[in-house]
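What follows is a set of notes on a single structure, which appears directly below.
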Amino acid sequence: MRRSRYEELKALLVVYLVPHVEAKATDEEVMKVMECPHCHSSRLSKNRHRHSKQRYLCKDCDKQFLERTD
């Protein structure tokens with residue numbers, strides 16, 4: 001493949017994919033924003049799933065809760 005064609009395809013892929021990639025938050029970003037509904041701590045860990053929803057465990061108060069979807 002010629003270099004100019006490669007650069008053209010690369011530019012098209014970047015234009016198409018970047019908006020889709022930037023729109024998705026990573027698990028780490030979500031965890032930084034979340035807090036425990038009981039003690040409001042942000043020190044959380046993932047703790048299995050329940051009914052297709054992620055369950056979290058607070059590292060400070062040891063209570064579990066489900067992710068909120070509102």
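Under this note's numbering, the first residue of the sequence shown carries the number 1, and numbering increases by one thereafter. C-beta atoms are modelled at their ideal positions from N, C-alpha and C, and glycine is treated no differently. These figures come from a predicted structure and were not determined experimentally.
Contact check, residue i vs residue j, beta carbons under 8 Å
i, j, result
"Leu44", "Lys63", "no"
Identified DSSP bridge partners for residue i
i, result
"His51", "Answer by DSSP bridge pairing: none, since His51 is not bridged."
"Lys46", "Tyr56"
Residue i classed as buried or exposed, judged by whether at least 16 other C-beta atoms fall within 10 angstroms
i, result
"Cys61", "exposed"
"Tyr89", "This structure gives no information on residue 89, because the portion of the chain shown stretches from 1 to 70."
"Tyr16", "exposed"
Reduced DSSP category for residue i - H, G, I as helix; E, B as strand; rest coil
i, result
"Lys63", "coil"
"Asp8", "First, the amino acid is wrong: residue 8 is Glu here, not Asp. Helix at Glu8."
"Arg2", "coil"
"Pro19", "helix"
Own chain residues within Cβ distance below 7 Å of residue i, not counting five before or after
i, result
"Pro37", "Phe65"
Other residues of its chain near residue i: CB distance less than 8 Å, five sequence neighbours each side excluded
i, result
"Ser41", "Glu35, Cys58, Lys59, Asp60, Cys61"
"Asn47", "Arg55, Tyr56, Leu57, Gln64"
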